[in-house]
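Be aware that the sequence shown starts at 178, since it is given in our numbering, and climbs by one per residue.
Working notes, beginning with the structure itself.
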Amino acid sequence: MVPSKMAKICTAVLALGFLSACQIQTPSDLLFAPTYDTRYVPQTYGTKYDCKSFKAAGNASGWRGIVGGKKYDFDRTFNVSREGCFKTSQECQTFLTYMSGYIDFPIYSRCQSI
């Protein structure tokens with residue numbers, strides 16, 4: 178038995194209605210969910226990757242990552258720079274890669290042995 182054209186249309190409309198209902202957010206999600214802040218750039222200060230904390234922990238050697246650049250927020254431009262100290266070169270490179278996702282125009286990005 179071949180379904181009629183009207184049955185196909187009804188099936189498509191029901192599927193569309195079901196899929197669109199899956200996308201509905203609750204009012205609490207809309208009111209209390211964190212919003213995206215274009216000016217936010219992660220900090221290393223006060224964390225275990227802060228260079229002061231790194232040296233205070235007794236680490237004699239490691240890697241220092243420095244990244245700097247510009248962040249755009251519509252009509253405003255912010256200069257951004259961050260540094261972190263890490264035990265391995267791979268952790269330092271990961272930091273630089275992670276930070277490049279937050280900086281719109283990177284100017285300086287380097288890992289150096291300490």
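Don't be surprised by glycine CBs; every beta carbon is placed ideally from N, CA and C.
Everything numeric in this text was worked out from a predicted model, so none of it was measured.
Between the C-alpha atoms of L273 and L196, what's the straight-line distance to the nearest angstrom? About 39 Å.
Rounded separation between I291 and S238 - CA only: A direct Cα-to-Cα measurement between I291 and S238 gives close to 5 Å.
Between which residues of its own chain and S258 is the CB-CB distance below 6 Å, once the five residues before and five after are set aside? Excluding sequence neighbours, S258 sits near G245.
Which first and last residues belong to the beta strand (DSSP E) in which T254 is found? 253 to 263 is the extent of the beta strand (DSSP E) around T254.
Express the C-alpha separation of C187 and I280 in angstroms, rounding to a whole number. In a straight line, the C-alpha of I280 is about 49 Å away from that of C187.
Boundaries (first-last residue) of the alpha helix (DSSP H) holding K232: Run containing K232: 228 to 233, per the alpha helix (DSSP H) assignment.
Three-state class that DSSP yields for V218 in the structure shown: Coil.
Collapsed DSSP secondary structure at Y249 in the structure displayed: The answer is strand: DSSP assigns Y249 an E or B state.
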